[in-house]
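Protein chains in written order, with full-length UniProt numbering: chain A, 1 to 283; chain B, 1 to 283.
For every residue, glycine included, the Cβ atom is placed at its ideal position computed from N, Cα and C.
Single-structure report; data block below.
There are 2 protein chains.
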Amino acid sequence: MTTASAGNLPGLKATRPWLSANLDAADRNALARACGDIRTVSAGTDLLRQDAPTNALHILLDGWAARYKIMEDGSRFIPALAVPGDICDLDALRFGQLDYGVTMLSAGTVAVLPRQRADALFATNPAIADAFWSLALAENSILTEWAASMGRRSASQRVAHLLCELLVRLVIVGKAGGHSYDLPLTQEQIADALGLTSVHVNRTLHSLRSMNLVTVQHRRATIHDWAALSALCGFRLSYLHLETVDDEFAPELPPSGARSRHRVTQASGPTLRPSSTSALSAL
Amino acid sequence: MTTASAGNLPGLKATRPWLSANLDAADRNALARACGDIRTVSAGTDLLRQDAPTNALHILLDGWAARYKIMEDGSRFIPALAVPGDICDLDALRFGQLDYGVTMLSAGTVAVLPRQRADALFATNPAIADAFWSLALAENSILTEWAASMGRRSASQRVAHLLCELLVRLVIVGKAGGHSYDLPLTQEQIADALGLTSVHVNRTLHSLRSMNLVTVQHRRATIHDWAALSALCGFRLSYLHLETVDDEFAPELPPSGARSRHRVTQASGPTLRPSSTSALSAL
DNA sequence: CGCCAGATTGACACGGCTCAAGCGGTGTGG
DNA sequence: CCACACCGCTTGAGCCGTGTCAATCTGGCG
Chain A
1 MTTASAGNLP GLKATRPWLS ANLDAADRNA LARACGDIRT VSAGTDLLRQ
51 DAPTNALHIL LDGWAARYKI MEDGSRFIPA LAVPGDICDL DALRFGQLDY
101 GVTMLSAGTV AVLPRQRADA LFATNPAIAD AFWSLALAEN SILTEWAASM
151 GRRSASQRVA HLLCELLVRL VIVGKAGGHS YDLPLTQEQI ADALGLTSVH
201 VNRTLHSLRS MNLVTVQHRR ATIHDWAALS ALCGFRLSYL HLETVDDEFA
251 PELPPSGARS RHRVTQASGP TLRPSSTSAL SAL
Chain B
1 MTTASAGNLP GLKATRPWLS ANLDAADRNA LARACGDIRT VSAGTDLLRQ
51 DAPTNALHIL LDGWAARYKI MEDGSRFIPA LAVPGDICDL DALRFGQLDY
101 GVTMLSAGTV AVLPRQRADA LFATNPAIAD AFWSLALAEN SILTEWAASM
151 GRRSASQRVA HLLCELLVRL VIVGKAGGHS YDLPLTQEQI ADALGLTSVH
201 VNRTLHSLRS MNLVTVQHRR ATIHDWAALS ALCGFRLSYL HLETVDDEFA
251 PELPPSGARS RHRVTQASGP TLRPSSTSAL SAL
């Protein structure tokens with residue numbers, strides 16, 4: 001569709017994930033001390049089984065994890081992906097049984113934080129409670145965006161949007177090099193995250209490639225034209241609620257009174273100033 | 001599809017929404033006092049505009065509200081519906097600008113809770129902070145289920161699932177009479193909440209009607225066969241995290257190693273013991 | 001009685017799914 | 001070091017669930 005300069009990425013100042021973004025050294029230490037063990041796990045390991053009882057949170061320190069849901073007809077759906085710094089199963093903070101499972105998509109390391117210790121931390125370190133609140137609400141916002149994708153975007157837009165989101169999230173935690181990053185998902189897993197079929201994801205990926213927008217192969221994604229790719233899917237940074245994004249990227253106000261499923265305008269191709277810093281490695 | 005007895009509804013003991021479910025009189029009073037004004041609003045009123053700055057939460061006391069998102073192509077998407085007892089814009093607890101708007105679907109009343117007062121309350125009344133946490137995580141779970149619907153369920157299953165969810169949520173706050181309830185959404189709004197088209201929602205509704213599962217007309221939904229309707233869409237109570245549901249309705253463990261998009265079994269038709277109690281009317 | 005938003009209906013197009021075959025890389029056992 | 005197996009990627013053909021477009025109908029309401 002849109003052509004465009006091989007634009008740079010959105011100008012992010014943030015260098016840490018939501019959870020630790022606003023914590024000082026003391027609080028980060030307290031959080032680290034509260035964690036039980038640190039587990040090194042291999043790809044395919046289930047951190048949590050769907051509908052099984054649980055009483056601890058899993059904070060992903062390295063690698064990728066996915067929440068998954070086996071639907072009533074046996075199909076699988078992936079409602080969320082976790083990258084370093086994310087919490088795999090935040091709901092365990094209040095609920096003893098979750099209706100999704102968590103599995104590792106790559107090898108990695110995970111910190112286990114017992115629910116009771118988390119509550120204790122909240123009581124003594126308000127800043128930590130704050131950090132968890134921000135994380136929970138940001139997650140909420142991402143879920144909303146994913147739902148919107150499945151409900152109102154085409155296959156190629158969904159794929160493009162996911163790739164854009166992941167680039168930004170990975171840049172923030174220092175896991176993206178330039179415009180590319182390791183993407184350990186199979187096409188089938190991408191399909192499960194987007195409500196598509198692996199066959200169609202394959203075709204869509206080829207289509208995006210042929211437009212010189214992005215290449216995904218050998219478990220690595222390389223974005224060739226950020227401006228065009230983000231314009232194609234209407235990607236806007238605002239929903240990620242990164243507190244330290246440059247003003248120039250403040251979201252534009254969309255047309256106010258729109259009807260269901262219709263035309264429109266717009267295009268945004270912010271420029272990015274990559275930054276880095278290991279995730280919760282300090283933990 | 002499935003025939004079945006005009007089953008009763010799931011056996012719920014809960015009589016209050018998440019927010020006030022575990023608050024004692026003192027805390028409820030504190031919450032009420034913290035709220036600024038109570039606004040009486042008419043249908044169509046916008047409580048919050050998409051991408052506009054905000055610094056207060058809107059607690060819905062009566063009526064229906066919807067979060068909406070205008071997509072880049074001008075189409076509309078509704079990521080959440082609020083019924084009495086729900087918070088329309090929980091994200092405002094931490095973020096000063098939300099990428100969704102909130103509009104009233106019916107006339108109603110809303111309590112406005114300034115963000116700062118909410119934070120103050122959390123510091124002094126741990127039980128209230130707890131209540132908000134539960135609400136946030138439950139909302140998260142509902143969003144996940146909606147995303148799963150859009151990603152992996154057919155049109156009729158989506159419609160059925162939404163109608164099931166709403167019945168349960170309304171029973172809990174005493175707004176459902178027997179197996180029916182007022183549903184102030186137009187078919188177009190239902191379509192926007194399900195990622196469908198109003199034309200297709202219309203056809204789907206007629207189809208469900210012809211199967212004697214449910215009737216939706218004149219802004220009222222009447223479920224004729226709960227057992228069959230919930231079986232059709234694989235509705236399970238667990239994702240709503242109602243703490244006081246009878247054990248007999250504990251979710252069944254789904255088959256463990258499923259592939260993307262395939263066969264399966266299952267059917268659940270719990271029996272419901274309606275209960276009532278006005279939402280946050282005490283506020 | 002006239003208007004209008006919302007509900008209906010029909011005809012038709014198309015995006016994405018299904019089914020099925022074939023290919024390629026990689027790990028493993030002989 | 002080769003042969004096989006297996007998993008994930010590709011590709012083709014055809015189908016079908018939903019969307020699109022366009023009337024027409026209906027119930028409320030002024």
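Going by C-alpha distance, which of the options is nearest residue i?
{"i": "Leu229 (chain A)", "options": "A:Ser238, A:Glu243, A:Ser210", "result": "A:Ser210"}
{"i": "Asp27 (chain B)", "options": "B:Ile38, B:Thr109, B:Trp64, B:Ala118", "result": "B:Ala118"}
{"i": "His224 (chain B)", "options": "B:Asp99, B:Val173, B:Leu163, B:Asp192", "result": "B:Leu163"}
{"i": "Leu240 (chain A)", "options": "A:Leu232, A:His179, A:Val171", "result": "A:Val171"}
{"i": "Leu194 (chain B)", "options": "B:Leu47, B:Arg49, B:Ala65, B:Leu81", "result": "B:Leu81"}
{"i": "Ser238 (chain A)", "options": "A:Arg169, A:Met71, A:Thr54, A:His206", "result": "A:Arg169"}
{"i": "residue 311 (chain A)", "options": "A:Gln116, A:Gln97, A:Ser106, A:Gly234", "result": "In the structure as shown, chain A begins at 1 and stops at 283. Residue 311 (chain A) is therefore absent and cannot be evaluated."}
{"i": "Ala66 (chain A)", "options": "A:Asn55, A:Thr204, A:Leu98, A:Thr103", "result": "A:Thr103"}
{"i": "His161 (chain A)", "options": "A:Asp37, A:Asp86, A:Gly36, A:Ala231", "result": "A:Ala231"}
{"i": "Pro84 (chain B)", "options": "B:Gly108, B:Asp73, B:Tyr68, B:Gly96", "result": "B:Gly108"}
{"i": "Gln157 (chain B)", "options": "B:Ser75, B:Ala56, B:Val214", "result": "B:Val214"}
{"i": "Glu72 (chain A)", "options": "B:Glu145, B:Val216, B:Trp133", "result": "B:Glu145"}
{"i": "Phe77 (chain A)", "options": "B:Ser42, B:Gly151, B:Ala136, B:Cys233", "result": "B:Gly151"}
{"i": "Gln187 (chain B)", "options": "B:Val173, B:Ala221, B:Lys175, B:Gly174", "result": "B:Ala221"}
{"i": "Glu196 (chain A)", "options": "A:Asn212, A:Ser42, A:Ala155, A:Phe132", "result": "Going by the sequence as given, residue 196 (chain A) is Leu instead of Glu. The shortest C-alpha separation from Leu196 (chain A) is found at A:Ala155."}
{"i": "Gly178 (chain B)", "options": "B:Gln217, B:Ile87, B:Trp226", "result": "B:Trp226"}
{"i": "Asn140 (chain B)", "options": "B:Ile87, B:Gly96, B:Phe122, B:Thr124", "result": "B:Ile87"}
{"i": "Trp133 (chain B)", "options": "A:Leu143, A:Arg94, A:Gln189, A:Ala43", "result": "A:Arg94"}
{"i": "Pro79 (chain A)", "options": "B:Thr204, B:Leu48, B:Leu143", "result": "B:Leu143"}
{"i": "Arg49 (chain A)", "options": "A:Gln97, A:Asn202, A:Arg203", "result": "A:Gln97"}
Report the neighbours of residue i on chain A: residues whose CB is nearer than 9 Å to its CB, in chain order.
{"i": "Glu165 (chain B)", "result": "Residues of chain A passing the Cβ test: none, with the nearest at roughly 13 Å."}
{"i": "Ser230 (chain B)", "result": "Result: empty, since nearest Cβ-Cβ is about 10 Å, beyond 9 Å."}
{"i": "Ser20 (chain B)", "result": "Result: empty, since nearest Cβ-Cβ is about 16 Å, beyond 9 Å."}
Could you list which residues in chain B have their beta carbon closer than 9 Å to that of residue i, in chain order?
{"i": "Arg94 (chain A)", "result": "Asp130, Trp133, Ser134, Ala136, Leu137, Ala138, His241"}
Suppose contacts are defined by Cβ-Cβ distances below 8 Å. Is residue i in contact with residue j by that definition?
{"i": "Val110 (chain B)", "j": "Leu166 (chain B)", "result": "no"}
{"i": "Asp46 (chain B)", "j": "Gly101 (chain B)", "result": "yes"}
{"i": "Asp182 (chain A)", "j": "Arg219 (chain A)", "result": "yes"}
{"i": "Ala21 (chain A)", "j": "Glu243 (chain A)", "result": "yes"}
{"i": "Val112 (chain B)", "j": "Asp37 (chain B)", "result": "yes"}
{"i": "Leu23 (chain A)", "j": "Ala127 (chain A)", "result": "yes"}
{"i": "Asn55 (chain B)", "j": "Ala92 (chain B)", "result": "yes"}
{"i": "Leu105 (chain A)", "j": "Val159 (chain A)", "result": "no"}
{"i": "Ala123 (chain B)", "j": "Trp18 (chain B)", "result": "no"}
{"i": "Ala30 (chain B)", "j": "Leu90 (chain B)", "result": "no"}
For a contact defined as C-beta to C-beta under 7 Å, what are the partners of residue i on chain A?
{"i": "Met71 (chain B)", "result": "Ala148, Arg152, Gly234"}
{"i": "Asp91 (chain B)", "result": "Leu137, Asn140, Ser141"}
{"i": "Ser156 (chain B)", "result": "Chain A residues near Ser156 (chain B): none, gap ~13 Å exceeds 7 Å."}
{"i": "Ser42 (chain B)", "result": "Result: empty, since nearest Cβ-Cβ is about 17 Å, beyond 7 Å."}
Name the chain B residues whose beta carbon is nearer than 7 Å to that of residue i?
{"i": "Pro79 (chain A)", "result": "Thr144, Ala147, Ala148"}
{"i": "Ser207 (chain A)", "result": "Simply none; closest approach about 18 Å."}
Just the chain B side, please: which residues come within less than 8 Å of residue i by C-beta, in chain order?
{"i": "Asp24 (chain A)", "result": "In chain order: nothing, as chain B lies at least about 18 Å away."}
{"i": "Ser238 (chain A)", "result": "Asp51, Gln97, Asp99"}
{"i": "Ser106 (chain A)", "result": "Ordered by position in chain B, no residue passes the 8 Å Cβ test against Ser106 (chain A), which lies about 19 Å from the chain."}
Problem - Members of the stretch 130 to 154 of chain A that neighbour chain B once the beta carbon cut-off is set at 7 Å - result: Trp133, Ser134, Ala136, Leu137, Glu139, Asn140, Ser141, Leu143, Thr144, Trp146, Ala147, Ala148, Met150, Gly151, Arg152
Exercise for the section: Could you pull out every unbroken beta strand (DSSP E) segment of at least 3 residues lying fully inside the stretch 35 to 120 of chain B, listed in chain order? Expected result: 38 to 41, 46 to 48, 56 to 62, 65 to 70, 76 to 82, 101 to 104, 108 to 114
Problem - Continuous alpha helix (DSSP H) assignments of at least 4 residues falling wholly in the UniProt domain "HTH crp-type" (153 to 227) of chain B - result: 155 to 172, 187 to 194, 198 to 210
Handout entry: Members of the stretch 211 to 228 of chain A near chain B, C-beta cut-off 8 Å
Key = none
Exercise for the section: Anything in the stretch 165 to 195 of chain B with a Cβ closer than 9 Å to a Cβ of chain A? List those residues in chain order, please. Expected result: Glu188, Gln189, Ala191, Asp192, Ala193, Leu194, Gly195
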